[in-house]
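A short worksheet on the structure shown next.
There are 4 protein chains.
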Amino acid sequence: MTLASDGRTSRAEAQRTARRQEILDAAVRVFSEHGYHTASVSDVIDAAGISRGTFYLYFDGKEPLFLELLERFILRIRDAVRVVDPDGANPTAELLENVGRVVDVVFDNRDLAVVVFRQSMGVNPEVDAKLLRLYGFLQEMVEGALINGAASGLTREVNAPIVATALIGAMKEIFYRYLVIEPVARPDRTAVAHTLLDFGLRGLLLSSDA
Amino acid sequence: MTLASDGRTSRAEAQRTARRQEILDAAVRVFSEHGYHTASVSDVIDAAGISRGTFYLYFDGKEPLFLELLERFILRIRDAVRVVDPDGANPTAELLENVGRVVDVVFDNRDLAVVVFRQSMGVNPEVDAKLLRLYGFLQEMVEGALINGAASGLTREVNAPIVATALIGAMKEIFYRYLVIEPVARPDRTAVAHTLLDFGLRGLLLSSDA
Amino acid sequence: MTLASDGRTSRAEAQRTARRQEILDAAVRVFSEHGYHTASVSDVIDAAGISRGTFYLYFDGKEPLFLELLERFILRIRDAVRVVDPDGANPTAELLENVGRVVDVVFDNRDLAVVVFRQSMGVNPEVDAKLLRLYGFLQEMVEGALINGAASGLTREVNAPIVATALIGAMKEIFYRYLVIEPVARPDRTAVAHTLLDFGLRGLLLSSDA
Amino acid sequence: MTLASDGRTSRAEAQRTARRQEILDAAVRVFSEHGYHTASVSDVIDAAGISRGTFYLYFDGKEPLFLELLERFILRIRDAVRVVDPDGANPTAELLENVGRVVDVVFDNRDLAVVVFRQSMGVNPEVDAKLLRLYGFLQEMVEGALINGAASGLTREVNAPIVATALIGAMKEIFYRYLVIEPVARPDRTAVAHTLLDFGLRGLLLSSDA
DNA sequence: CATGAATGAGTGTTCATTCAT
DNA sequence: AATGAATGAACACTCATTCAT
Numbered sequence: 161m162t163l164a165s166d167g168r169t170s171r172a173e174a175q176r177t178a179r180r181q182e183i184l185d186a187a188v189r190v191f192s193e194h195g196y197h198t199a200s201v202s203d204v205i206d207a208a209g210i211s212r213g214t215f216y217l218y219f220d221g222k223e224p225l226f227l228e229l230l231e232r233f234i235l236r237i238r239d240a241v242r243v244v245d246p247d248g249a250n251p252t253a254e255l256l257e258n259v260g261r262v263v264d265v266v267f268d269n270r271d272l273a274v275v276v277f278r279q280s281m282g283v284n285p286e287v288d289a290k291l292l293r294l295y296g297f298l299q300e301m302v303e304g305a306l307i308n309g310a311a312s313g314l315t316r317e318v319n320a321p322i323v324a325t326a327l328i329g330a331m332k333e334i335f336y337r338y339l340v341i342e343p344v345a346r347p348d349r350t351a352v353a354h355t356l357l358d359f360g361l362r363g364l365l366l367s368s369d370a
Numbered sequence: 161m162t163l164a165s166d167g168r169t170s171r172a173e174a175q176r177t178a179r180r181q182e183i184l185d186a187a188v189r190v191f192s193e194h195g196y197h198t199a200s201v202s203d204v205i206d207a208a209g210i211s212r213g214t215f216y217l218y219f220d221g222k223e224p225l226f227l228e229l230l231e232r233f234i235l236r237i238r239d240a241v242r243v244v245d246p247d248g249a250n251p252t253a254e255l256l257e258n259v260g261r262v263v264d265v266v267f268d269n270r271d272l273a274v275v276v277f278r279q280s281m282g283v284n285p286e287v288d289a290k291l292l293r294l295y296g297f298l299q300e301m302v303e304g305a306l307i308n309g310a311a312s313g314l315t316r317e318v319n320a321p322i323v324a325t326a327l328i329g330a331m332k333e334i335f336y337r338y339l340v341i342e343p344v345a346r347p348d349r350t351a352v353a354h355t356l357l358d359f360g361l362r363g364l365l366l367s368s369d370a
Numbered sequence: 161m162t163l164a165s166d167g168r169t170s171r172a173e174a175q176r177t178a179r180r181q182e183i184l185d186a187a188v189r190v191f192s193e194h195g196y197h198t199a200s201v202s203d204v205i206d207a208a209g210i211s212r213g214t215f216y217l218y219f220d221g222k223e224p225l226f227l228e229l230l231e232r233f234i235l236r237i238r239d240a241v242r243v244v245d246p247d248g249a250n251p252t253a254e255l256l257e258n259v260g261r262v263v264d265v266v267f268d269n270r271d272l273a274v275v276v277f278r279q280s281m282g283v284n285p286e287v288d289a290k291l292l293r294l295y296g297f298l299q300e301m302v303e304g305a306l307i308n309g310a311a312s313g314l315t316r317e318v319n320a321p322i323v324a325t326a327l328i329g330a331m332k333e334i335f336y337r338y339l340v341i342e343p344v345a346r347p348d349r350t351a352v353a354h355t356l357l358d359f360g361l362r363g364l365l366l367s368s369d370a
Numbered sequence: 161m162t163l164a165s166d167g168r169t170s171r172a173e174a175q176r177t178a179r180r181q182e183i184l185d186a187a188v189r190v191f192s193e194h195g196y197h198t199a200s201v202s203d204v205i206d207a208a209g210i211s212r213g214t215f216y217l218y219f220d221g222k223e224p225l226f227l228e229l230l231e232r233f234i235l236r237i238r239d240a241v242r243v244v245d246p247d248g249a250n251p252t253a254e255l256l257e258n259v260g261r262v263v264d265v266v267f268d269n270r271d272l273a274v275v276v277f278r279q280s281m282g283v284n285p286e287v288d289a290k291l292l293r294l295y296g297f298l299q300e301m302v303e304g305a306l307i308n309g310a311a312s313g314l315t316r317e318v319n320a321p322i323v324a325t326a327l328i329g330a331m332k333e334i335f336y337r338y339l340v341i342e343p344v345a346r347p348d349r350t351a352v353a354h355t356l357l358d359f360g361l362r363g364l365l366l367s368s369d370a
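Going down the list, the sequences are from chains A, B, C and D.
Residue 161 is where the first sequence starts when you use the working numbering, and the numbers rise one by one after that.
Residue 161 is where the second sequence starts when you use the working numbering, and the numbers rise one by one after that.
Residue 161 is where the third sequence starts when you use the working numbering, and the numbers rise one by one after that.
Residue 161 is where the fourth sequence starts when you use the working numbering, and the numbers rise one by one after that.
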């Protein structure tokens, strides 16, 4: 009762955590299908197979639940993206790894990703703030990579902010397409990463035209 | 009442149309500020300065109103985009014109654009269908341009669907940035068009690397 | 529509006021029977014969409704109590008039009085504040009368605050008895006033013992 | 288990009783602070430092708990009040003793008294019945004293029921004042008793006016 | 044509109570 | 005996829509 190592207590805690996760999983399914506003707490508890009261035993309400879902996704994305050292052995490979890891996170959390990509902005100020921080972070990372690339003579000098925004938008749209519009079980992460990077780096023109 | 040439009727109809437009304008303002779900019919009628009943005299409800708003935006976008003849005098200029016209539509209808970009997907199946048709159309146009470009030796051969999706996502994200995150009174349409196209066509690599 | 004297508008407003009053009346009945906490908004709307929505069209909620009820009762009581001029022609008669008017207010608003006497303190801070202000006012009035009475040689010098409190408590208990415990259709206001005053002024001892 | 003299059982029972008392004490604190309706069972178990289940092991619920609290207070008050023999040596002293003992009970059980005085009537029929029996008992005692007093030529003949009610109300209000509105650590019981009695017996008029 | 009072299904949330462990 | 996770009926409140005037 007093020690965390107490068998009975730790088992109970493990059960609690498991139950919480079940509810989170159910919520992801529900939110990804109906969207935050259209989904009701009733939908979540039905999907989770619990009673009304139990839901509020594990979460403080609909909004905190959504916020936690969002937070988890954001953390995973942030963890997937690492600063690329422009003077490293193979910066392009590192870039590809970053993109590949993001692809993994997105397709490992399909429903969650759908929720975030589709309709999160505007849900409420706190949600907006969280998302803006995520996009700000990604923007920074990509801008940094662009500036480093230019500095090390790897890429052209471009309007870094606008191009970073474009790259992020490109990724989101591609993800959305493969998640929702023409769902793919799991795309070849290296293929997606390569296409994105190839498009981003080389553009569409024939080399001779450049 | 039966003849369009009836003076009384046509004047009444003109008034009706004007009133409808006022409501639509008010709705755009309200939806862009609060989002579809958070905005209430009360917000719209308050903004339009009409009574509850009058609203339902002009629209069948909140959702049909939103659908009409969406439809209008979609039509404007579709009108702005024209097929580029790859064998024409200056296909690149035509492409730039297309992008420039889209920029114009978006910034001529800022609020409406915000609503559409931010959180339309998932509002309801009919809305989704409309949006998917729009994106399908844009996708087709861009894919066509890519294939034509490659056929006429103008651009590299690329994975047309994925690159088209990427280009559309890039545009959306840039628009969203300039509409919401760091609002710009009205960006230089040719500058935006050039940046987008330059990025899309030439990529990031230095020419020498290509 | 623009003028308050517009027949149509004023009729509508009269209807609105009437409806409001109906709801207030129903609420008084419900609160006096069940008490604030036990009574539900559903009870009120059932008693008023209106729909859920209509209730919230006229009142901002359960608490504001209760507060308004309370406020109305308090105002009536305050209006009934007037400062007694100790140098007036007949201060005792004025005192009797005061008590009589309070008796009238209480028995003209039986249910409301029951609500206030029985269980209002502790409902919530705002309610408590309102009631404390009422009792403070009554306390002041009675204390003033006691001090004036002593100054003008009419009454003995007494511990004014404690005796004022005692008098107020005595009245409340008597009211409560005749309202709830052994309800009287309408007590003889002068009899009640006289008994109270006689008891208050002369006490229980035989004159000879004084 | 069957015999009270069984050591184990009696120790267990003592523990049980002690635990019960702890819960009762916690409940008094909680109810006096928040009121019956606003206080939750959770508040009580938190204050008592026990688990949810344990609470229901000792009490059948929130209402029975409250009823028991009330019952205990009522018993103490009833024990404090004894019939005054009008032909005894010093009936006035006995009266003073009665009032003094009630003052003691009230201030020895401040929180409990606050709960009872403030908002018990109307909690539910059973509670009301209990309170009405208490007030009936007090009313009887006071009425009896009044009648005896008149019979033995000690006091004036008064409308006994109404005056008894007034006296009870006066006491309650004074208690409430000293418990809640301007709390006094512990009033001088003889002073309070004397003031009450003096006011009750002699009234406010100057002796010469009597 | 215009109004706004009326509606009621639906929402998120609370909390006294039960019961398997 | 003690626990605390689970329950679900009940609550206050919202809002898109209708319709008598």
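Think of the CB as a built atom: it goes at the ideal place given N, C-alpha and C, for glycine as much as any other residue.
Problem set entry | Buried or exposed by the 16-neighbour rule on C-beta atoms within 10 Å, applied to Ser170(A) | exposed
Problem set entry | Interface residues of chain C facing Ile328(D) [CB-CB closer than 7 Å] | Glu333
Exercise. So is Ile374(B) in contact with chain A if we call contact Cβ pairs under 8 Å?
Worked result: Look at the range of chain B in this structure, 161 to 370, and you will see that residue 374(B) is not part of it.
For this session: Determine which residues of the stretch 306-319 of chain A have a Cβ less than 8 Å from any Cβ of chain B, and write them out in chain order.
Result: Leu306, Gly309, Gly313, Leu314, Thr315, Arg316, Val318 and Asn319
Exercise. Taking the alpha helix (DSSP H) that His354(D) falls in, what are its first and last residues?
Worked result: Arg349 to Arg362
Exercise. So, is Ser367(D) buried or exposed, given that buried needs 16 or more other C-beta atoms within 10 angstroms?
Worked result: Any answer about Ser367(D) is weak, because its pLDDT of 46 lies below 50 and its placement is not dependable; what the coordinates show is given next. Ser367(D) should be labelled exposed.
For this session: Give the DSSP-derived three-state secondary structure of Asn269(C) in the structure shown.
Result: coil
Exercise. If you measure from the beta carbon of Thr355(D) to each beta carbon in chain C, is any gap under 8 Å?
Worked result: yes
For this session: Grab the span of the alpha helix (DSSP H) containing Tyr336(D) for me, first residue to last.
Result: Ala320 to Tyr336
For this session: Please check the pair Val275(B) and Ser192(B), which I expect to be a contact at CB under 8 Å, by giving their CB distance rounded to whole angstroms.
Result: 5 Å
For this session: Output yes or no for whether 8 Å exceeds the beta carbon distance between Leu225(B) and Phe219(B).
Result: yes
For this session: Identify each residue in the stretch 260-286 of chain B for which the Cβ-Cβ distance to at least one residue of chain A is less than 7 Å, and report them in chain order.
Result: Arg278, Gln279, Met281 and Gly282
Problem set entry | Test item: CB-CB of Val450(C) and Ala351(C) under 8 Å | Not covered by the structure: residue 450(C). The range shown for chain C is 161 to 370.
Exercise. In three-state terms, what does DSSP make of Asp247(B)?
Worked result: coil
For this session: State the start and end residues of the unbroken alpha helix (DSSP H) segment that holds Gly221(D).
Result: Segment: none, Gly221(D) is in no alpha helix (DSSP H) and carries neither H nor E.
Problem set entry | Residue burial classification, Glu333(C) (beta-carbon count within 10 angstroms, cutoff 16) | buried
Exercise. When we look at the beta-carbon of Gly248(A) and count the other beta-carbons within 10 Å, is it buried (16 or more) or exposed?
Worked result: exposed
Exercise. Taking 8 Å as the CB-CB cut-off, is Thr350(B) touching chain A?
Worked result: no
Problem set entry | Ala208(D) - containing alpha helix (DSSP H), residue span | Val201 to Ala208
Problem set entry | CB of Leu306(C) within 8 Å of CB of Ala324(C), strictly | yes
Exercise. If you draw a straight line from the C-alpha of Gly282(C) to the C-alpha of Gly195(D), how long is it?
Worked result: 6 Å
Problem set entry | Nearest neighbour of Val265(C), chosen from Leu292(C), Arg236(C), Asp288(C) and Asn284(C) [CA to CA] | Arg236(C)
For this session: Could you tell me whether the Cβ of Arg337(B) comes closer than 8 Å to any Cβ of chain A?
Result: yes
Exercise. Going by alpha carbons, who is nearest to Ile341(D) out of Asp358(C), Ala186(C) and Leu291(C)?
Worked result: Leu291(C)
Exercise. Do you know offhand how far Met392(A)'s Cα is from Val243(A)'s?
Worked result: Outside the shown range of chain A (161 to 370) lies residue 392(A), about which nothing can therefore be said.
Exercise. So, is the C-beta of Phe233(D) closer than 8 Å to a C-beta in chain C?
Worked result: no
For this session: Determine, using beta carbons only, whether Phe359(D) comes closer than 8 Å to chain C.
Result: yes
Exercise. In its own chain, which residues sit with a C-beta less than 8 Å from the C-beta of Ser309(C), not counting the 5 before and 5 after it?
Worked result: Per the sequence shown, the amino acid found at residue 309(C) is Gly instead of Ser. Closer than 8 Å at Cβ, skipping near neighbours: Pro246, Pro251 and Thr315.
Problem set entry | Reference Tyr336(A), options Glu254(A), Arg270(A) and Lys222(A), closest by Cα | Arg270(A)
Exercise. For Leu373(A), is the classification buried or exposed, using 16 other Cβ atoms within 10 angstroms of its Cβ as the cut-off for buried?
Worked result: Look at the range of chain A in this structure, 161 to 370, and you will see that residue 373(A) is not part of it.
Problem set entry | Within-8 Å CB hit, Gly195(D) to chain C | yes
For this session: Note down the Cα distance separating Val188(D) from Val190(A), rounded to an integer number of angstroms.
Result: 45 Å
For this session: Kindly list, in the order they appear in chain D, the residues whose Cβ is closer than 7 Å to that of Thr325(C).
Result: Glu333, Ile334 and Arg337
Exercise. In whole angstroms, what is the alpha-carbon distance linking Pro347(B) and Arg261(B)?
Worked result: 13 Å
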